[in-house]
Amino acid sequence: MTSEQDNLRYTKLSLNNGSGEIPALGFGTLIPDPIATRNATKAALDAGFRALDTAERYRTEREVGEAMQEVFKAGKIRREEVFVATKLWNTNHRPERVRTAFEASLEKLQVDYVDLYLIHTPFAFRPGDEQDPRDASGKVIYDKAVTLLDTWRAMEDLVDEGTCKAIGLSDVSLEQVKEIIKAGRIKPAVVHVESHPYLPEWELLDYCRKNGIVLQAFAALGHSGEPKLLEDPIIAAVARRVNKTPAQVLLAWGIQRGTALLTTSKTPSRIKENFDVSTLPENAMREINDGIKLRVRLNAVVETGVPGFIPRGR
Ligand SMILES: NC(=O)c1ccc[n+]([C@@H]2O[C@H](COP(=O)([O-])OP(=O)(O)OC[C@H]3O[C@@H](n4cnc5c(N)ncnc54)[C@H](OP(=O)(O)O)[C@@H]3O)[C@@H](O)[C@H]2O)c1
Numbered sequence: 000m001t002s003e004q005d006n007l008r009y010t011k012l013s014l015n016n017g018s019g020e021i022p023a024l025g026f027g028t029l030i031p032d033p034i035a036t037r038n039a040t041k042a043a044l045d046a047g048f049r050a051l052d053t054a055e056r057y058r059t060e061r062e063v064g065e066a067m068q069e070v071f072k073a074g075k076i077r078r079e080e081v082f083v084a085t086k087l088w089n090t091n092h093r094p095e096r097v098r099t100a101f102e103a104s105l106e107k108l109q110v111d112y113v114d115l116y117l118i119h120t121p122f123a124f125r126p127g128d129e130q131d132p133r134d135a136s137g138k139v140i141y142d143k144a145v146t147l148l149d150t151w152r153a154m155e156d157l158v159d160e161g162t163c164k165a166i167g168l169s170d171v172s173l174e175q176v177k178e179i180i181k182a183g184r185i186k187p188a189v190v191h192v193e194s195h196p197y198l199p200e201w202e203l204l205d206y207c208r209k210n211g212i213v214l215q216a217f218a219a220l221g222h223s224g225e226p227k228l229l230e231d232p233i234i235a236a237v238a239r240r241v242n243k244t245p246a247q248v249l250l251a252w253g254i255q256r257g258t259a260l261l262t263t264s265k266t267p268s269r270i271k272e273n274f275d276v277s278t279l280p281e282n283a284m285r286e287i288n289d290g291i292k293l294r295v296r297l298n299a300v301v302e303t304g305v306p307g308f309i310p311r312g313r
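The opening residue of the sequence shown carries number 0 in numbering that gives the first Met the number 0; numbering runs sequentially from there.
Printed below as a string of structure tokens:
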């Protein structure tokens with residue numbers, strides 16, 4: 000089968016609430032430079048990506064909004080064709096702050112609804128404009144006055160109003176997902192966590208599948224961290240055999256095991272490469288699943304709520 004005949008890149012996963020479906024292959028916009036963010040977002044839409052991920056904390060919503068507007072105005076793509084996701088930051092967990100934060104995101108993105116709004120991490124930080132509040136000794140100042148469930152209930156209210164199609168959780172443990180499912184009125188549509196062959200999260204994926212939740216993986220290519228997933232010998236051997244690049248193998252693996260995933264690049268050729276995925280044979284899937292034994296978490300955000308991939312000060 001040639002890659003033109005292979006529809007893996009167009010895979011969509013059903014959502015238990017909201018816009019109905021999420022494209023499995025998504026483009027993340029955690030890119031430090033604003034001009035690079037705008038160009039990369041346009042290049043991603045041009046290459047065929049139809050799911051974008053941003054966050055209040057990345058400070059890229061404005062550039063993502065500008066890039067979308069430019070593409071929509073050129074008449075190439077309509078707003079309804081793009082699945083737009085953003086995230087509530089840790090300093091806005093108090094229920095009375097959720098709507099204001101959400102409306103600020105809509106305004107920056109220049110959209111009147113988002114397809115998915117995620118609680119960025121389960122950690123509440125001191126409310127206020129300082130996104131990274133620290134005490135004199137440099138320790139994060141947490142907010143003990145609010146629980147994840149309090150914030151979730153405020154997110155549910157946004158869904159009722161229709162400007163937020165679906166809601167979900169990010170950087171959570173299985174236990175936290177269970178807690179929200181038990182006590183919440185609306186189930187998370189998406190659970191967004193780090194995942195790749197060095198951190199496959201099989202137990203969480205299995206739970207999500209059974210409960211109709213989409214697991215969306217970030218750092219699908221290993222975020223250029225160490226050890227270098229893109230240089231893994233098993234991934235490299237599969238890539239040579241199927242005549243694809245290591246990045247395309249990692250992305251295909253993620254889609255074929257039933258997750259949505261996000262990749263990011265500011266390099267136009269890589270953006271195209273990352274959309275040009277095609278189905279791996281079953282034996283390649285088995286080789287990756289059974290052959291890779293290394294287990295590594297690249298982003299420590301789940302331990303503290305401090306985003307490991309965002310430089311301090313941004
Ligand atoms: N919720 C959270 O806590 C959280 C945390 C982290 C990320 N995220 C989301 O997930 C998205 C993806 O995460 P990520 O940045 O870790 O993505 P990633 O795709 O694993 O890593 C991105 C890095 O890989 C490089 N790269 C991309 N395509 C490549 C290719 N084909 N060949 C070789 N290198 C390639 C990029 O370099 P160049 O840019 O130089 O091309 C970039 O340095 C983020 O943008 C963000 O939206 C969420």
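All residues carry an ideal CB built from backbone N, CA and C; glycine is no exception.
With contacts defined by Cβ atoms closer than 8 angstroms, Glu-60 and Thr-85 form a contacting pair.
In the three-state DSSP reduction, Arg-133 falls in the strand class (E or B). Ile-291 is positioned such that its CB atom lies no closer than 8 angstroms to that of Ile-254. With a 10 Å radius around the Cβ and a threshold of 16 neighbouring Cβ atoms, Trp-252 comes out buried. For Val-241, the shortest C-beta to heavy atom distance toward ligand 1 is 7 angstroms or greater. Burial state of Glu-193 is buried, judged by a 10 Å Cβ sphere holding 16 or more other Cβ atoms. Of Val-241, Glu-281, Lys-41, Glu-272, the smallest CA-CA separation from Arg-256 is found for Glu-281.
Closer than 7 angstroms to some heavy atom of ligand 1: that describes the Cβ of Lys-265. Here Gly-17 is near Ala-165, since their CB atoms are less than 8 angstroms apart.
For Pro-245, no beta strand (DSSP E) run applies; the uninterrupted alpha helix (DSSP H) run containing it begins and ends at 245–255, by DSSP. Contact annotation: Ala-100 and Glu-55 have beta-carbon atoms nearer than 8 angstroms. DSSP lists Leu-117 as the beta-bridge partner residues of Lys-86. By a beta-carbon distance limit of 8 angstroms, Gly-221 does not contact Asn-89. Their separation comes to about 25 angstroms. Judged by their CB atoms, Leu-260 and Leu-44 are not nearer to each other than the 8 angstroms cut-off. Assigned with DSSP and collapsed to three states, Phe-101 falls in helix. Spatial neighbours of Arg-294 in its own chain (CB-CB distance under 7 angstroms, excluding positions within 5 residues in sequence) are listed in chain order as Tyr-197, Leu-198.
Ranking Glu-129, Pro-245, Gly-19 by CA distance to the CA of Glu-79 puts Gly-19 first. In the three-state reduction of the DSSP assignment, Leu-228 falls in the helix class.
In this chain, Lys-164 is not harboured by any beta strand (DSSP E), its DSSP state being neither H nor E. Between the segment 228–248 and the segment 184–193, the count of C-beta pairs closer than 8 angstroms stays below three; the two stretches do not touch.
The straight-line gap separating the alpha-carbon atoms of Glu-106 and Ile-118 is approximately 18 angstroms. A contact is defined here as three or more CB-CB pairs under 8 angstroms, and the segment 125–134 fails this definition with respect to the segment 156–173. The Cβ-Cβ distance between Ile-30 and Thr-263 falls below 8 angstroms. For Glu-20, the enclosing beta strand (DSSP E) stretches over residues 20–22.
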